[in-house]
Amino acid sequence: MKNIDKDILEHFEQIKIYRRHIHSNPEVGPEQPQTVEYVKSQFKGLEDIVITHGLEKAGLVVDILCAKKGETIAFRGDMDALNLCESSEEIHLPKKESFRSKDETKMHACGHDMHTAILIGFGQIIYKNRNKLKGKVRLLFQPGEEGYGGAKQMVDAGYLDGVKNVFALHCWPNLEVGQIGLRKGAYFASVNHFIVKVSGIGGHGASPEKASDQVLAVSAMITNLQSILSRRLSGLDQRVLSIGYVNAGNQNSTGVLPSIAKFGGTFRTFDVKVQEKIKEELKNICEYTAKTVHPSCEVEIEYTNEYPQTINNDEVVENLGNVFSEFIESNNLFKEYIPTLGAEDFSYMLQKVPGALFLLGVTPKTREESRRVFLHHPAFDPDEEALLYGVQAFKKIAFNLMS
Ligand SMILES: [Zn+2]
Ligand SMILES: [Zn+2]
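Count the sequence shown with the numbering used here and you get residues 40 to 442, in order.
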């Protein structure tokens, strides 16, 4: 715990309490009402703090007014969990220390419990230091990151209006505690989820000439779609396209040719042009393929949710490299860390205001390789010391921009 400020170290036990409470009470979906109430109660009664809750039960905005007039700098912490059953292995810290999820169907497996606790702790540290700073610190406690676009709702509600810069961090199991990963430009990929529905004439398996065979059409489409990646895009374009859902007919009626067949998948890219190209080619390939199977096959494509690329501002990242080097040695501070094909709705905030998302190492140096699992895993178990580095990183940013 080198180079962590005394006031943060003194607050460590309390920040752990926040993290453990949120961890054992996970909430999934577009709203996190109990988490919002819990966060709100940690700021109650403090003067010079303005609490707004424009997203009602979903999100919370806490403004901390500093001594002198100045710019508004915002920090985002997402609050939602995932639908999975948490590990009950004895070695898993939440099990060992009795703060495992109280709900067997939900778990904070993406570290958003850590993000929320870091943001509360950081807010309280800033509150104590507010006489040394100028401007306003805005804490954005964001709902529904896992597919619900909570960040976009906060942008649409106007919470980024008038904000100079916005920052966020994400727990990163591929980095060890005390390490931070920065990157200029696109850091997280865009994500598009799609469902393709093919409809036409159903019929008897014995008389395919009287039907239009939607199952054959879907099979051909799934195969042909991979040619977007191999033939329609350059080998230098980074992208992935995967089909994760197929549905048609009934397993008890395998002699029936169904009139409807569906499949769905996802594609991810780091470039808007590549993203648009895949969208266009997906439509072309599905429509043309359908017609080669039968003129009566009709195609409908529905996009269920999309996040744009998470694009960090180059100048802001350059500055973060200098600011973080005040407390992280150069061998632990990665200034050009590898991008990820994961997606983040913080992208919407970065479209509105220049800022950056950085990755916070959460894996203990001593952890054996077999237990180094990634996010969304039932045994995801971040080292709580990372809370200190998260709060310190945010504090360094605030002092750098607001002193
Ligand atoms: Zn996640
Ligand atoms: Zn996440």
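For glycine and all other residues, C-beta sits at the position ideal for the given N, C-alpha and C.
Could you tell me whether any non-hydrogen atom of ligand 2 is closer than 7 angstroms to the CB of Glu125? In terms of side-chain proximity, the C-beta atom of Glu125 is found no nearer than 7 angstroms to any non-hydrogen atom of ligand 2.
Distance, Cα to Cα, Ile164 vs Ile47? Using only the alpha carbons, I get a separation of about 7 angstroms.
Can we say the stretch 388 to 396 touches the stretch 236 to 244, given the rule of at least three CB pairs closer than 8 angstroms? Short answer: they don't touch.
Which residues have their C-beta within less than 6 angstroms of a heavy atom of ligand 2, listed in chain order? Going by the Cβ distance cut-off, the answer is Cys149, His151, Glu184 and His209.
Uninterrupted beta strand (DSSP E) stretches inside the stretch 64 to 120 (no shorter than 3 residues): As far as the stretch 64 to 120 is concerned, its whole beta strand (DSSP E) runs of at least 3 residues are 88 to 91, 99 to 104 and 107 to 117.
Thinking Asn204 and Leu440 are a contact (beta carbons under 8 angstroms), I'd like their distance in whole angstroms, please. Here Asn204 really is in contact with Leu440; their C-beta atoms are around 7 angstroms apart, less than 8 angstroms.
Buried versus exposed, by CB contacts within 10 Å (16 or more), Phe413: The residue is exposed, with fewer than 16 neighbouring Cβ atoms inside 10 Å.
Hey, could you find the ends of the alpha helix (DSSP H) Glu354 is sitting in? Counting along the chain, the alpha helix (DSSP H) containing Glu354 begins and ends at Asp353 to Phe363.
Skipping 5 residues on each side, what residues in its chain have a beta carbon closer than 7 angstroms to that of Val355? In its chain, beyond the 5 residues on either side, Asn204, Pro393, Gly394 and Ala395 have a beta carbon closer than 7 angstroms to the beta carbon of Val355.
Rounded separation between Ser45 and Val430 - CA only: Inspection of the sequence shows that residue 45 is occupied by Lys rather than by Ser. Just so you know, the alpha carbons of Lys45 and Val430 end up roughly 12 angstroms apart.
Going along the chain, which residues of its own chain have a beta-carbon closer than 6 angstroms to the beta-carbon of Glu407, five neighbours each way excluded? Excluding sequence neighbours, Glu407 sits near nothing in its chain.
So what's Cys177 in DSSP terms, helix, strand or just coil? In the sequence under discussion, the amino acid at residue 177 is Arg, which differs from the Cys named in the question. Strand at Arg177.
Does the contact criterion of 3 or more C-beta pairs under 8 angstroms hold for the stretch 78 to 88 versus the stretch 195 to 212? Judged by Cβ distances under 8 angstroms, the stretch 78 to 88 makes no contact with the stretch 195 to 212, as fewer than three pairs qualify.
How long is the line joining the alpha carbons of Leu275 and Ile377, rounded to whole angstroms? The alpha-carbon atoms of Leu275 and Ile377 are separated by roughly 16 angstroms.
The beta strand (DSSP E) that contains Glu345, what's its start and end? From DSSP, the beta strand (DSSP E) with Glu345 extends over Glu337 to Tyr346.
Among the residues of its own chain, which have a CB less than 8 angstroms from the CB of Leu359, if the five just before and after it don't count? Here the set comprises Leu221, Ala395, Phe397 and Ile436.
Phe433 to Val279, Cα distance in whole Å? Spanning the two alpha carbons is a distance of roughly 33 angstroms.
What separation, rounded to the nearest whole angstrom, lies between the Cα atoms of Glu315 and Phe306? Approximately 11 angstroms between the Cα atoms of the pair.
Answer yes or no: the CB of Leu132 versus the heavy atoms of ligand 1, is any distance below 7 angstroms? The answer is no for Leu132.
Give a yes or no on whether the C-beta atoms belonging to Pro69 and Tyr187 are separated by under 8 angstroms. Result yes, Cβ atoms of Pro69 and Tyr187 sit closer than 8 angstroms.
Just to confirm, is the Cβ distance from Arg177 to Ala113 under 8 angstroms? Yes, these two residues count as a Cβ contact at 8 angstroms.
At a cut-off of 7 angstroms, would you count Leu414 as near ligand 1, judging by its Cβ distance to the nearest heavy atom? Answer for Leu414: yes, Cβ within range of ligand 1.
Determine contact between the stretch 170 to 184 and the stretch 140 to 158, defined as no fewer than three beta-carbon pairs at a distance below 8 angstroms. By the Cβ rule, the stretch 170 to 184 counts as touching the stretch 140 to 158, because three or more pairs are nearer than 8 angstroms.
Please find out if some non-hydrogen atom of ligand 3 comes closer than 7 angstroms to the beta-carbon of Ile219. Ligand 3 is absent from the structure shown, which contains only ligand 1 and ligand 2.
Roughly how many whole angstroms lie between the Cα atoms of Glu357 and Glu424? Their Cα atoms are separated by approximately 26 angstroms.
Same chain only: Cβ atoms within 7 angstroms of Gln253, ignoring 5 sequence neighbours per side: Here the set comprises Val237, Ser238, Gly239, Ala287, Pro297, Ser298, Ile299, Ala300 and Cys336.
Go through its chain and collect everything with a Cβ distance to Asp102's Cβ below 6 angstroms, but skip five positions before and after it. Taken in chain order, the residues that qualify are Val89, Lys175 and Arg177.
Helix, strand or coil: which one does DSSP assign to Ser229? For Ser229, the three-state secondary structure derived from DSSP is strand.
Going by beta carbon distance, what residues of the same chain come within less than 6 angstroms of His232, once the five residues before and after it are set aside? Result list for His232: Thr305, Thr343 and Asn344, in chain order.
Note down, one range per segment and in chain order, each alpha helix (DSSP H) of at least 4 residues found wholly within the stretch 211 to 274. Counting only runs of 4 or more, we get 253 to 266.
Within its chain, find whatever has a CB closer than 7 angstroms to the CB of Lys322; leave out the 5 residues flanking it on each side and keep chain order. Apart from the 5 residues on each side of it in sequence, Lys322 sits with its Cβ closer than 7 angstroms to the Cβ of Ile340 in its chain, given in chain order.
What residues in its chain sit with their C-beta under 8 angstroms from that of Arg386, if we drop five residues either side in the sequence? This sequence places Ser at residue 386; Arg is not what is there. Closer than 8 angstroms at Cβ, skipping near neighbours: Ala190, Phe227, Ser229, Tyr346, Pro347, Gln348, Thr349 and Ile350.
What is the rounded straight-line gap between the Cα of Pro72 and the Cα of Ala97? When rounded, the distance between both Cα atoms is 6 angstroms.
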